[in-house]
Amino acid sequence: MGSFIFKRSLQSVFSLVVLIILVFFLARMTGSPADLYLPQDASLEVRNQFNEQLGFNDPLYVQFGRFFWGLLHFDMGQSLQFSRPAVEVVLQAFPTTLTLAAITMPLVLLLSIVTGSLAAFRPGGVFDRLASFISLIGASTPNFWVAIVGVLVFAVTLRVLPTSGTGTPLHWVLPVAVLMLRPTGVLVQVVRTSMMTALSSAYIKTARAKGVGSRAIVFVHALRNGLLPVITVASDQAAGIVNGAVIVETVFGFPGIGKLMIDSVMLRDFAVIQAAVLVTALAVFIINIIVDITYALVDPRIRYS
Amino acid sequence: MPLSIRVSGTAEMNAPVSLTLQTSATSSGFRDAIGLLWRDKLATLSAILLLIVLVCVLLGPWLLADKARAVNLMARNAPPFSIDKGWMFFLGADALGRSLLARIIVASQNTMVIATSAVCLSLVLGGLFGLIAGYKGGWVSALLLRLADAIMSFPSMLLAVIVLFVFDPGITNVIFVLAISRIPIFLRTVRAEVLEIKERMFVTAARAMGARTDRILLRHIAPMVLPTVINLAALEIAFVMLVESGLSFLGIGIQPPEVTWGLMVADGRNYLGSAWWLAFWPGVAIMLVTMALNLLSNWLRVVTDPVERWRLQTTVSRHD
Amino acid sequence: MTDQPLLDIRNLSIDFPSRRGVVHAVNDVSWSVNPGETLAILGESGSGKSVSASAVLDLVDAPPAVISSGQILYRGQDLLKMPRAERRQINGKNISMIFQDPLAALNPVYPVGWQIAETLRVHGVDRNTAYARVIDLLRKVGIDDPERRARQYPHQFSGGQRQRIMIASAIALEPDLLIADEPTSALDVTVQAQVLRLLKALQAESGMGMVLITHDLGVVEQVADRVVVMQNGHVVESGTASEIMNAPQHPYTRKLLDAMPGRHGFDPQAGVTDRTARPLLEVDCVSRIYGVLPGKALDAAPNAVRAVDDASFVLHSGETLGIVGESGSGKSTLARMLLGLDRPTIGTIRFDGKDLNAMSGAETFKVRRRMQFVFQDPTASLNPRMTIGQIVSEPWAIHSDVLPKREWRGRAIELLERVGMKADHIDRHPHQFSGGQRQRIAIARALALQPEVIVCDEAVSALDVSIQAQVIDLLKTLRRDFGLSYIFIAHDLALVRDFATSVIVMYRGQIVEQGPTVSVYTNPQHDYTKRLLSASVVHLPDAA
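Chains as they are written, first to last, in my numbering: chain A, 1 to 305; chain B, 306 to 625; chain C, 626 to 1169.
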């Protein structure tokens, strides 16, 4: 299993490097930061001085080399908008997003596994049809739209929840609910299908022939097999959560990494974009490796191959 | 030895009973398809909805562009469900008194064209790369897969955010960004299918008969992969539509004066307290089309499988 | 024998209502089994033999199935009238069951020891006692080093071992009755014999009753006391094993017995081939070694696997060569090399005097015309999206100079009729046919180019016994009419006995025995051949 994890980590590092290069060069193409940060009538001399000072006049590969060298020292440059190290800015925003994801993901998994398993237990039954239809709506509804409709209903009309900010636990209700929507919708369908496959397997028949009860058949025999495809899809949804976080944080004014990134792109703050992308990518890759390990733990066929 | 008796006989003891219930060969393929569709009411509804959307996409801007642009101060923020001002104002009007229904119909063109062309682009490129990666293998396949992993594991929204700021967020660039972010899923799907199908016995049989690679790819592998890919494309159009409207909503996708459903939701957000319908109806449109695509793709998956299709048809014939 | 049977099934009927009408899977079926007795339920696929036995353990899914009438009496108590929970108490404790495919029947994600212990635990044995029992049980069914192996997972065992583990789990609570549903069908012939011996030994020790569901008369002969023959949901005949085997009454039983491979003596054609002419196919010291890089010395690859090891044989025109071996014997690798799908690492294969590997692309292409094939699984070897006409015409599409396109359809119909299909089958798809019919279609395709040799790789192994016989008869007729030569690969000696003119026995990549069919059967030299023969041949007087 050690070599399995090593191999997967190596693949992740490759992906990470590709992304660093891509993001660095793309960001340099957005135009000169001097255009944004200096007054329109600033003299050429001032512009040059600005660029010289921050190293924007050097050839791209020199800038990249400097960037990469800094990266190895956890130095990703200075944020132009905050005049602070970019890493600091990003790490300050990161916990908010992480908390959001850490609350959302377990709820998504719990809800979809229970709903999907119950639906698969009696395919075609009332519960199954209801669950299938509602999960389809969940997977099909644009989350920004749900977010503002939610604000309209719960904050503006009913006044039971706050519109934006992070002050109290109540502030988290709407963002988490919106963020859960699509991943739950998708996962319920995946759980349902894979549980139906698992429940019709020969080993279920064996368990019944042994006299094992229905609850143990579903939650001991079928679930562990049925979870395998679910784990794979859940890891794709991890990247999806970040997508969702960008929108949710913007709508609800959450000071997380998604909002930070959008703001930084608007202000052409290279250092912060790079740092944010890197930290996010790193987080996603770590999640992917954890998912791979989980997969190997659940499926002994991988562990020993 | 009595061997001649059995050789000429076809009757085998376990021949499927249902063989006798064959549909007559005279019924046309089109009628079969309609019959199959009719059996699944949700799929029928979805198909009808998508047909209506198609008509809107093709004719909407041509017929209603003027109505969608006509400022009517009498109808400023007119509430929905009232036909006093005519059917055009059934869904209400915006702050300039423009008909919301007309605007939704006109916006359908951009919304659908962006989603479908992005998916078509990624289907063709991803499908091609997938065929190569699956059939040839080797370092080319390894490189393609690593690149696909890199794109896949990176949240597509962030990629779009950055790329759309580097380049102009016009329609073409939005299409390209969305297409690139969805290439990996087609690549992976096609590759996985090809890997599985090329090991099947009938491909081995064709190779043993001396069939060349192009024949194997075109006659044996492609027809097996196609239904899966078309099915995936339907789901992807739905997903890409959601992402595109998200980008437009954030203000980094399509820019005014062009209009898409996502942009309309974003505009309506400012009037949330006073005119909820501005943001509400375009969102409903996105939701309905996404659901219809999902339902139809489910149905397609069943009927494009010849075994499943045959099962459905034989039951149809009994009811006829 | 006690006055009350252990299990008594009376007039049981099970229906499967479907949109196409009700299918009577089990129709007014009665059978019973006494303590210490072995009852065999004999039938082919679709006969309803498994469904009636599954009903005993409440394993028939209802709905969709409906048990419309009858009684299942276990020690005089009707199981069908018992509440679910109570029946669950009987499952695994009083009555247990093992299944055909032990890999699928064991849960892949739990250790085998845990799975055996589960039987004990659900019936109230505490964890530690259960674990100690598991070790005993594994030892009893012949698994070495049980302490270590109990912690391993199903994929780490061989097929025969997995079935032993299933048996260990089934006998854990010393049940009165063991139902075995095709317990040896997925196993190699020699392993089959071992598993059956184990079952018999366990039965002798515990005195349990046994119900054995099988399609294989060989199994019936080896273990059954009484036999029930089923066809299309009905019991057509029942009696003691010797009555059924020696004096069958019902025509269906007679047909089944008649269809048994190896009952018709040796092929009259055996030995008639002209061995002086140049052989059609020569295989000369061929080895296929995996894990060796081309051009590297063999010694440099310690992990090299010799799938085929130094095989040599010849095939003369008009001859039928049977290649027999179990899984892992290298027979399929050999077939792939003959068909040009794989290349020998060492040695040469010559077709009509020319080295296959030294041929140009165009020459290989021409040879393919003269050598065709029929594969094991007819479902997999026909493209499901093509019509029968397209499938049979495909050789002409590939070898475009053979037949002009306008003649394809007519010729395809001719071929279909030649193999016993009908002309109007031509526009249908493969899934609309039964396994035997599909194999006929594959044979029609193989005939399209009028080949000289047809390589049949396990061509009848996936078919029911009576269908096997029909397909082999078809191959015989075609051999006579077209002067074909066959290479017929099988895992069972009995199958090639009345068909092949000469036989090769393969074991772990090597040819351990070869010669004319008669001498291999009557005077086997190698130990493995003897084991194969004793495991597979039914000891009955030859029919006809």
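Think of the CB as a built atom: it goes at the ideal place given N, C-alpha and C, for glycine as much as any other residue.
This structure is a prediction, so every number in the text was calculated from the model and none was measured.
Three-state class that DSSP yields for residue i in the structure shown
| i | result |
| --- | --- |
| Ser332 of chain B | Note that Ser332 of chain B has pLDDT 43, beneath the 50 cutoff, so the model's placement of it is unreliable and no number is given. |
| Ser952 of chain C | coil |
| Asp1098 of chain C | helix |
| Arg635 of chain C | strand |
| Phe938 of chain C | strand |
| Met855 of chain C | strand |
| Met962 of chain C | helix |
| Trp300 of chain B | Outside the shown range of chain B, which is 306 to 625, sits residue 300 of chain B, and nothing can be said about it. |
| Ala884 of chain C | helix |
| Asn652 of chain C | strand |
| Arg493 of chain B | helix |
| Ser721 of chain C | strand |
is_contact[residue i, chain C] using C-beta, thresh 9 Å
| i | result |
| --- | --- |
| Ala348 of chain B | no |
| Gly515 of chain B | yes |
| Lys259 of chain A | no |
| Val191 of chain A | no |
| Arg606 of chain B | no |
| Val298 of chain A | yes |
| Thr212 of chain A | Looking at the sequence provided, one finds Val at residue 212 of chain A rather than Thr. Cβ-Cβ to chain C under 9 Å: yes for Val212 of chain A. |
| Tyr295 of chain A | no |
| Ser201 of chain A | yes |
Chain A within 9 Å of residue i, Cβ atoms only
| i | result |
| --- | --- |
| Pro460 of chain B | yes |
| Met791 of chain C | yes |
| Pro630 of chain C | no |
| Leu500 of chain B | no |
| Leu463 of chain B | yes |
Residue-level contact to chain B via CB, residue i, 9 Å cutoff
| i | result |
| --- | --- |
| Glu1019 of chain C | yes |
| Ala271 of chain A | no |
| Leu745 of chain C | no |
| Val18 of chain A | yes |
| Thr232 of chain A | no |
| Arg1122 of chain C | no |
| Pro175 of chain A | no |
| Arg159 of chain A | no |
| His1024 of chain C | yes |
Beta-carbon contacts of residue i that lie in its chain and below 6 Å, excluding the five residues immediately before and after
| i | result |
| --- | --- |
| Val564 of chain B | Ala412 |
| Val272 of chain A | Ser79, Ala86, Val89 and Ser264 |
| Thr416 of chain B | Thr565 and Trp566 |
| Thr865 of chain C | Arg851 |
| Phe976 of chain C | Leu906 and Val992 |
| Gly717 of chain C | Thr744 |
Whole-number beta carbon distance between residue j and residue i, since they are thought to touch under 8 Å
| i | j | result |
| --- | --- | --- |
| Ile476 of chain B | Ile557 of chain B | Contact doesn't hold; Cβ gap of about 13 Å is too wide. |
| Tyr699 of chain C | Ile723 of chain C | The Cβ separation is near 18 Å, so there is no contact. |
| Lys956 of chain C | Ile1092 of chain C | Lys956 of chain C to Ile1092 of chain C, Cβ: 22 Å. No contact. |
Contact set for residue i: own chain, Cβ-Cβ below 8 Å, skip 5 residues either direction
| i | result |
| --- | --- |
| Ala511 of chain B | Arg520, Ile521, Arg524 and His525 |
| Val284 of chain A | Ala238, Ala239 and Val242 |
| Arg746 of chain C | Arg752 and Ala755 |
| Thr1012 of chain C | Ile1051, Asp1052, Arg1053 and His1054 |
| Leu1028 of chain C | Trp1021 and Arg1036 |
Beta-carbon proximity list for residue i, same chain, < 7 Å, skipping 5 on both sides
| i | result |
| --- | --- |
| Lys1155 of chain C | Pro1149 |
query = For the region 236-250 of chain A, which residues have a CB atom closer than 7 Å to at least one CB atom of chain B, in sequence order?
reply = Ala239, Val242, Asn243, Val246, Ile247 and Thr250
request  = Can you give me, in chain order, the residues of the region 575-586 of chain B that have a beta carbon less than 8 Å from any beta carbon in chain A?
outcome  = Leu577, Gly578, Trp581, Ala584 and Phe585
query = What residues from the region 710-727 of chain C come within 7 Å of chain A, judged by C-beta to C-beta, listed N to C?
reply = Arg713, Gln714, Asn716, Gly717, Lys718, Ser721, Met722, Phe724 and Asp726
key: Positions along the region 973-1007 of chain C whose CB lies within less than 7 Å of some CB in chain B   = Phe990, Arg993, Phe998, Phe1000, Asp1002, Ala1005, Ser1006 and Leu1007
task = Output, in sequence order along the chain, the residues in the region 958-971 of chain C whose CB is closer than 9 Å to any CB in chain B.
result = Arg961, Leu964, Gly965 and Leu966
query = If contact means a Cβ-Cβ distance below 9 Å, which residues of the region 486-512 of chain B contact chain C?
reply = Against chain C - using a Cβ distance shorter than 9 Å - the residues of the region 486-512 of chain B are Arg505, Met506, Phe507, Val508, Thr509, Ala510, Ala511 and Arg512.
request  = Identify each residue in the region 526-546 of chain B for which the Cβ-Cβ distance to at least one residue of chain C is less than 8 Å, and report them in chain order.
outcome  = Pro528 and Met529
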